[in-house]
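Q: Just so we're aligned, residue 11 is where the sequence shown starts under the numbering used here, counting upward by one.
C-beta: ideal position from N, C-alpha, C; glycine also.
Keep in mind it's a predicted model, so treat the numbers as computed, not measured.
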Amino acid sequence: LEIHRLGAADGLTLKISRLGGVTKTRQIRDVAVDLGFMITVEDTGGAEIDTAAMAHLSLSTPEERRLHAIAFHEWVTVRTASNMPPVTGSRMGIPDGPGLGIDVVPDLLGKPFFEVGR
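What follows is the structure in structure tokens.
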């Protein structure tokens, strides 16, 4: 809000992990859009899971407020999921499955740090 009050920026880059996840990023994105900022949604890294989240948040941002999106999943060599956001030319879409739309390969993620509900 201080950045807006000062007129110090026209756009913001929101990093999902740095902001605390999808829900917090969406909340900040929505306020920033209402304030008139241009938005880029990214994340640190570039694996399939965070790229799917980034694609959903980016493409649900009003088009007139969207700066760009990057298909980070095309930069990695180890695939941790399938059914990734489709990329055609310079356009990225969102996968059609439930949730983030991807199919995670659990064996590639390693042993969980903890489990809830088991």
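Can the beta-carbon of S7 be found less than 9 Å from the beta-carbon of R36?
A: Past the boundaries of the shown model lies residue 7; the chain is included only from 11 to 128, so the question cannot be answered.
Q: If we ignore side chains and look at the alpha-carbon of each, how far apart do R89 and H78 end up?
A: Translated into positions along the sequence shown, residue 89 becomes position 79. Translated into positions along the sequence shown, residue 78 becomes position 68. Rounded to whole angstroms, R89 to H78 spans 23 Å at the Cα level.
Q: Could you check whether R75 and F47 sit closer than 9 Å to each other, using their CB atoms as the reference points?
A: Here residue 47 corresponds to residue number 37 of the sequence shown, with the count starting at 1. Here residue 75 corresponds to residue number 65 of the sequence shown, with the count starting at 1. Against a cut-off of 9 Å, the Cβ pair of R75 and F47 comes out as a contact.
Q: Taking a contact to mean a Cβ-Cβ separation below 9 Å, would you say H83 touches G111 in this structure?
A: Counted from its first residue, the sequence shown places residue 83 at position 73. Counted from its first residue, the sequence shown places residue 111 at position 101. No, the pair does not count as a contact, with Cβ atoms beyond the cut-off.
Q: According to the Cβ coordinates, are A19 and I26 closer than 9 Å?
A: Locating residue 19 in the sequence shown gives position 9, counting from the first residue. Locating residue 26 in the sequence shown gives position 16, counting from the first residue. For A19 and I26, no; Cβs fall outside 9 Å.
Q: Hey, out of V86, G17, L118 and M64, whose CA is closest to P105's CA?
A: For the purposes of this step, residue 105 is identified with residue 95 of the sequence shown, where counting begins at 1. With distances taken between Cα atoms, P105 lies closest to M64.
Q: To the nearest angstrom, how far is it from the Cα of E125 to the Cα of D60?
A: Locating residue 125 in the sequence shown gives position 115, counting from the first residue. Locating residue 60 in the sequence shown gives position 50, counting from the first residue. Their backbone Cα atoms lie some 20 Å apart in a straight line.
Q: Residues in its own chain within less than 8 Å of L118 by CB, not counting five upstream and five downstream?
A: Within the sequence shown, residue 118 is the residue found at index 108, counting from 1. Closer than 8 Å at Cβ, skipping near neighbours: V88, R89 and T90.
Q: Count the other CB atoms, across all protein chains shown, that sit within 10 Å of the CB of P95; report buried if there are 16 or more and exposed otherwise.
A: Within the sequence shown, numbered from 1, the residue matching residue 95 stands at position 85. P95 should be labelled buried.
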